[in-house]
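Visitor: I'd like to ask you about the structure that follows.
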Amino acid sequence: MKNTFEHIIQTPSIKYKHAKGMRDIFGKEFHQFHEIFLFISGNAFFTTEQKTIKLKPYTLIVIPENTFHSFHVNGDEADYERYVFNFYNTKEFDQLISKNMKNISVIESLTNGIISDFTSLDDYKYSDFDKKLLIMPKLISVLVELGHLIPSTENISTEFRKITAKCLDYINQNLCSPLTVADLSKNLNYSRSSIMHAFKSDLDLPLYKYIIEKKLIYAHKDIISGMSPTQVSQKYGFSDYSCFYRHYKKHFGGPPSVKSSKW
Numbered sequence: 002m003k004n005t006f007e008h009i010i011q012t013p014s015i016k017y018k019h020a021k022g023m024r025d026i027f028g029k030e031f032h033q034f035h036e037i038f039l040f041i042s043g044n045a046f047f048t049t050e051q052k053t054i055k056l057k058p059y060t061l062i063v064i065p066e067n068t069f070h071s072f073h074v075n076g077d078e079a080d081y082e083r084y085v086f087n088f089y090n091t092k093e094f095d096q097l098i099s100k101n102m103k104n105i106s107v108i109e110s111l112t113n114g115i116i117s118d119f120t121s122l123d124d125y126k127y128s129d130f131d132k133k134l135l136i137m138p139k140l141i142s143v144l145v146e147l148g149h150l151i152p153s154t155e156n157i158s159t160e161f162r163k164i165t166a167k168c169l170d171y172i173n174q175n176l177c178s179p180l181t182v183a184d185l186s187k188n189l190n191y192s193r194s195s196i197m198h199a200f201k202s203d204l205d206l207p208l209y210k211y212i213i214e215k216k217l218i219y220a221h222k223d224i225i226s227g228m229s230p231t232q233v234s235q236k237y238g239f240s241d242y243s244c245f246y247r248h249y250k251k252h253f254g255g256p257p258s259v260k261s262s263k264w
């Protein structure tokens with residue numbers, strides 16, 4: 002693909018990226034880290050569990066850990082450009098994270114300062130060593146600035162239909178159940194085809210994939226807190242441990258007994 006690139010700066014707890022093109026956006030509907038995303042250009046849409054928004058150039062997107070989201074790009078994929086901070090909870094600035102990373106937010110009115118915090122890290126005048134030293138203070142500056150910005154919900158292109166909203170609510174309340182399309186159909190009184198069509202249309206991914214990934218995110222948190230993989234598999238209604246093991250390894254890059262890759 003022409004005119005695509007990806008520049009990454011990374012420390013154990015923070016990852017910064019300036020990228021153009023589509024290389025990394027698929028299969029990322031849930032992740033364990035927080036994300037602050039500065040959209041630059043492209044014909045792109047951002048989807049959450051509540052709405053789909055067409056993105057304007059220089060829009061900031063705040064995505065807390067373990068929350069569903071997806072990006073969809075129309076037109077020339079090479080035009081899709083963004084700057085991104087990914088980071089984990091860190092005791093050095095835990096209070097800032099707790100205050101400003103509570104909910105997904107889309108912010109369209111940005112200061113020059115917050116834009117500079119993203120773009121300056123990719124400046125040629127800094128060496129790679131300098132950039133690794135600067136990555137934390139730049140992220141802290143962004144988090145501080147977030148406290149002064151008012152989220153905007155303009156340009157909502159589609160509100161989720163009633164079927165999808167009811168499905169999401171049912172899934173969230175019954176995450177520890179097996180949760181099949183047949184279960185949702187029976188309990189919500191919609192046909193299977195209606196549920197699957199509405200879900201795929203609104204969230205741009207299959208219902209089954211959404212359910213599995215959401216279960217895995219919560220399963221991973223329970224394993225980290227000390228619960229055994231076998232107990233977690235049973236808690237979240239997987240048909241058997243081998244099924245849970247297979248899905249977990251595919252999603253996190255390693256078995257439940259091994260600490261997964263951070264990024």
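First residue of the sequence shown? That's 2 in the numbering used here, and the numbers climb one at a time after it.
The beta carbon of each residue, even a glycine, is placed where N, CA and C say it ideally should be.
(1) Within its chain, find whatever has a CB closer than 6 Å to the CB of Asn-87; leave out the 5 residues flanking it on each side and keep chain order.
(2) According to the Cβ coordinates, are Thr-60 and Glu-109 closer than 8 Å?
(3) Taking only runs of the beta strand (DSSP E) that begin and end inside the region 115 to 184, which ones reach a length of at least 3 residues, in chain order?
(4) Look at Phe-69 and Leu-56 and say whether their C-beta atoms are less than 8 Å apart.
(5) Would Asn-104 and Ile-98 qualify as a contact pair, given that the criterion is a beta-carbon distance under 8 Å?
(6) If I measure Cβ to Cβ from Ser-258 and keep anything under 8 Å in the same chain, skipping five residues before and after, which residues do I get?
(7) Find out if the Cβ-Cβ distance for the pair Ile-54, Leu-122 is shorter than 8 Å.
(8) Select from Lys-215, Ser-243, Arg-247 and Phe-130 the residue whose C-alpha is nearest the C-alpha of His-32.
(9) Which whole-angstrom value is the C-beta distance of Gly-43 and Glu-82, which I expect to be below 8 Å?
(10) Please classify Ile-157 as buried or exposed, where buried requires at least 16 other C-beta atoms within 10 Å of its C-beta.
(11) Quick one: measure Cβ to Cβ for Gly-238 and Ser-178, integer angstroms, because I've assumed they're closer than 8 Å.
(12) With DSSP as the reference, identify every bridge partner of Phe-34, one or two as the case may be.
(13) Would a C-beta distance cut-off of 8 Å place Ala-79 and Lys-21 closer than the cut-off?
(14) What does a CB cutoff of less than 8 Å around Lys-251 pick up in its chain, not counting 5 residues either side in sequence?
(15) Hey, could you find the ends of the beta strand (DSSP E) His-8 is sitting in?
(16) I'd like to know whether the C-beta atoms of Tyr-191 and Ile-164 end up nearer to each other than 8 Å.
Guide: If we stick to the structure as given:
(1) Lys-16, Phe-34 and Glu-36
(2) A contact, by the Cβ cut-off of 8 Å.
(3) Counting only unbroken stretches of 3 or more residues, the beta strand (DSSP E) elements lying wholly within the region 115 to 184 are 157 to 160, in sequence order.
(4) no
(5) no
(6) Pro-230
(7) no
(8) Lys-215
(9) 6 Å
(10) Note that Ile-157 has pLDDT 44, beneath the 50 cutoff, so the model's placement of it is unreliable and no number is given.
(11) 5 Å
(12) According to DSSP, which records beta bridges pairwise, Phe-34 is partnered with nothing at all.
(13) yes
(14) none
(15) 6 to 11
(16) yes
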